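Take 64 as the starting number for the sequence shown in the numbering used here and just add one per residue.
Ideal Cβ positions, reconstructed from N, Cα and C, are used throughout, including at glycine.
Since this is a predicted model, take the numbers as computed values, not measurements.
Below is one structure, written out as structure tokens, with a few remarks after it.
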Amino acid sequence: MSQIHEECGVFGVFGVEGAAGIVRTGLTFLQHRGQEGCGIAWCGPDGEIVLKRDLGLVSGVFPEDGYACGDGLHAIGHVRYGTSGGGGIDNVQPFLFRSRRGDYATAHNGNIVNARELADALSERGVLFHCSSDSEVLGALLGDALPSGGRISVKLLSHCLNLIDGAFAFLVLTRDALYACRDKYGLRPLSIGRLGRGYVVGSETCALYAAGASSVRDVRPGEVVRISADGLESSFYSSCTRCAMCAMEYIYFARPDSDIEGVNVHAFRKESGKILFRESPCRADIVVGVPDSGLSAAIGYSEASGIPLEMALVKNAYIARTFIQPTQEMRVSGVRMKLSPVKSLIRGRRLVVIDDSIVRGTTSRQLIHMLRDAGASEIHVRIPSPPLKNPCYYGVDISSREELISAGMDVDGVCRFIGADSLAFISEEGLMEAGGRTDMCMACFNRRYPTDIYSHGT
Ligand code: SF4
Numbered sequence: 064m065s066q067i068h069e070e071c072g073v074f075g076v077f078g079v080e081g082a083a084g085i086v087r088t089g090l091t092f093l094q095h096r097g098q099e100g101c102g103i104a105w106c107g108p109d110g111e112i113v114l115k116r117d118l119g120l121v122s123g124v125f126p127e128d129g130y131a132c133g134d135g136l137h138a139i140g141h142v143r144y145g146t147s148g149g150g151g152i153d154n155v156q157p158f159l160f161r162s163r164r165g166d167y168a169t170a171h172n173g174n175i176v177n178a179r180e181l182a183d184a185l186s187e188r189g190v191l192f193h194c195s196s197d198s199e200v201l202g203a204l205l206g207d208a209l210p211s212g213g214r215i216s217v218k219l220l221s222h223c224l225n226l227i228d229g230a231f232a233f234l235v236l237t238r239d240a241l242y243a244c245r246d247k248y249g250l251r252p253l254s255i256g257r258l259g260r261g262y263v264v265g266s267e268t269c270a271l272y273a274a275g276a277s278s279v280r281d282v283r284p285g286e287v288v289r290i291s292a293d294g295l296e297s298s299f300y301s302s303c304t305r306c307a308m309c310a311m312e313y314i315y316f317a318r319p320d321s322d323i324e325g326v327n328v329h330a331f332r333k334e335s336g337k338i339l340f341r342e343s344p345c346r347a348d349i350v351v352g353v354p355d356s357g358l359s360a361a362i363g364y365s366e367a368s369g370i371p372l373e374m375a376l377v378k379n380a381y382i383a384r385t386f387i388q389p390t391q392e393m394r395v396s397g398v399r400m401k402l403s404p405v406k407s408l409i410r411g412r413r414l415v416v417i418d419d420s421i422v423r424g425t426t427s428r429q430l431i432h433m434l435r436d437a438g439a440s441e442i443h444v445r446i447p448s449p450p451l452k453n454p455c456y457y458g459v460d461i462s463s464r465e466e467l468i469s470a471g472m473d474v475d476g477v478c479r480f481i482g483a484d485s486l487a488f489i490s491e492e493g494l495m496e497a498g499g500r501t502d503m504c505m506a507c508f509n510r511r512y513p514t515d516i517y518s519h520g521t
């Protein structure tokens, strides 16, 4: 039910027949990460890189019976959610850069926090930008740094990546290699799989598996992996690496059938539900998970508490996500459009409701009104994420503190606002324990940003 959103997903194939079609499959399984637009860049038999991109869903831009991607063994693709840099076709990736030294295409998930500073410096040197997305900066840096007669290489990429700060999973396609790069903090996920005699790489393992690939490993923080006819070649552009995976990937964005850095997302959420019960138990008759991302934690809460889990909320799969609706008024009515209460399960019962997070509070308030209307005698809300209090600068559209109810109210205040009988959030320690992790970005909860935030802080 959350109204926050990831901004993108990337997928690439190297050395497999019909690469563009495989990328299409991968993007379909990453569609939850972005629905505004999508694109595929593929390398034709003559070495020329061809780009097709448009606004819309993967199934619309690349319809199965009509999409015309040429032959080729290598391709990259992208699904976009349109916040950073605004909407429009120009910001839909991949970006294709034509150069006398060879074409290359880039696809990016995340956000570059010093993009403005880098773009200003490049503009002063005469470099032209074609869109308002921060993601264009890497391609522009590469073009600017390419020596006469030179080609994209690990060394050149490492030089450019060291100039960039922020969150990124970058794919760079040239005629003879696919480069997979991850930021040195490890904020955004990126995994490599094996498919036939070639390789695939993508934001989530669920897309790798859907393409028929087997998992090889994650790209490591600060690493550039060059995938070519010679196989995988690893190199690190930075010795300063962390393992600060975005906590919201586990809590909300990623699909439950994905594994991130060795931890299955469903298993993480289920464990967080168990820990949530240990930290904030309550007496109730049934546990109710809010579909979809509250369900795994609800299973964990039910198992740990012995309170039966019931499917007391049914999701209408054909209604768009509430956050896509632009106005507050439309958002409110969207809750009832999206979920239906099962009155016979709810009437006269004490509920523990598990939702992934509370953003503005309006969605939770509507949900609780709806459950009271359905006859619930008590409603206790448990949230398997800490209170959201700060903006995200790494590619997630949590843009201002004013939009976050927990930034301006304590837990009791939020509880009163949403109309629950009790409310509790998991602790940061509990969340870390759920994934067996020692490091994770939780800046939107605790304001400890792993990077400098440059002009965003002003
Ligand atoms: S600030 Fe929050 S949403 Fe942004 S990367 Fe960190 S954990 Fe994820």
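Quiz prompt | Nearest candidate by alpha-carbon position, reference Gly165, set Leu236, Gly119, Gln156, Ser196 | solution = Relative to the Cα of Gly165, the nearest Cα in the group Leu236, Gly119, Gln156, Ser196 belongs to Leu236.
Practice problem: Using the DSSP secondary-structure output, state which residues sit across from His137 in a beta bridge. | Solution: BP columns for His137 point to Phe77, Cys106.
Quiz item: If you measure from the CB of Gly458, is any heavy atom of the ligand SF4 nearer than 8 Å?
Solution: Shortest gap from the CB of Gly458 to any heavy atom of the ligand SF4: under 8 Å.
Self-check item: Touch test, the region 275-290 against the region 252-264, Cβ-Cβ under 8 Å, three pairs minimum
Solution: As far as the Cβ criterion goes, the region 275-290 touches the region 252-264, which means the pair count is three or higher.
Exercise. Identify, in the order they occur along the chain, each residue of the same chain with its Cβ nearer than 8 Å to the Cβ of Ala273, setting aside the five sequence neighbours on each side.
Key: Hits under 8 Å: Thr88, Gly89, Thr91, Phe92.
Quiz prompt | Neighbour-count burial assignment, Glu70, 16 or more Cβ in a 10 Å radius | solution = Glu70 is buried by the Cβ-count criterion.
Quiz item: With burial defined as no fewer than 16 other Cβ atoms inside 10 Å of the residue's Cβ, what is the status of Ala276: buried or exposed?
Solution: Ala276 is buried by the Cβ-count criterion.
Practice problem: Under the assumption that Ile481 contacts Ile431 (Cβ atoms under 8 Å), give the Cβ distance between them as a whole number of angstroms. | Solution: Taking a contact as a CB-CB distance under 8 Å, the pair Ile481 and Ile431 counts as one, their CB atoms being some 6 Å apart.
Quiz prompt | Residues sharing a beta bridge with Pro404, DSSP | solution = Pro404 is bridged to Leu376.
Exercise. Note down, in chain order, each residue of its chain lying with its Cβ closer than 6 Å to the Cβ of Phe77, except the 5 sequence neighbours on either side.
Key: Cβ-Cβ distances below 6 Å link Phe77 to His137, Leu241, Gly261, Tyr262, Ile290 in the same chain, with the five nearest sequence neighbours on each side left out; the list follows chain order.
Quiz item: So the beta strand (DSSP E) Asp522 belongs to, where does it begin and stop?
Solution: Outside the displayed span of the chain (64 to 521) sits residue 522, for which this structure offers no information.
Quiz prompt | Inter-residue CB distance, Ser321 and Val328 (contact presumed, cutoff 8 Å) | solution = That belief holds up - the Cβ atoms of Ser321 and Val328 are roughly 5 Å apart, short of 8 Å.
Exercise. Tell me whether Cys194 counts as near the ligand SF4, meaning its Cβ is closer than 8 Å to at least one heavy atom of that ligand.
Key: Result no, Cβ not under 8 Å from the ligand SF4.
Exercise. Tell me whether Phe331 counts as near the ligand SF4, meaning its Cβ is closer than 8 Å to at least one heavy atom of that ligand.
Key: False, no ligand heavy atom lies under 8 Å from that Cβ.
Quiz prompt | DSSP three-state assignment for Ala83, whether helix, strand or coil | solution = The three-state secondary structure of Ala83, taken from DSSP, is helix.
Practice problem: Report the partner residues of Asp117 according to the DSSP bridge assignment. | Solution: Asp117 is bridged to Cys101.
Self-check item: 8 Å contact criterion, which Lys452 and Ser469 should meet: CB distance rounded
Solution: Between Lys452 and Ser469 the beta-carbon gap is near 5 Å, inside 8 Å, which marks them as a contact.
Exercise. Please find out if some non-hydrogen atom of the ligand SF4 comes closer than 8 Å to the beta-carbon of Tyr512.
Key: Residue side-chain check: Tyr512 places its Cβ nearer than 8 Å to a non-hydrogen atom of the ligand SF4.
Quiz item: Start and end of the alpha helix (DSSP H) containing Gly212?
Solution: Careful: Gly212 lies outside any alpha helix (DSSP H) and carries neither H nor E.
Quiz item: Are three or more beta carbon pairs between the region 173-183 and the region 116-130 nearer than 8 Å?
Solution: Touching, no.
Self-check item: The beta strand (DSSP E) enclosing Ala170, as first and last residue numbers
Solution: In this chain, the beta strand (DSSP E) harbouring Ala170 covers 167-175.
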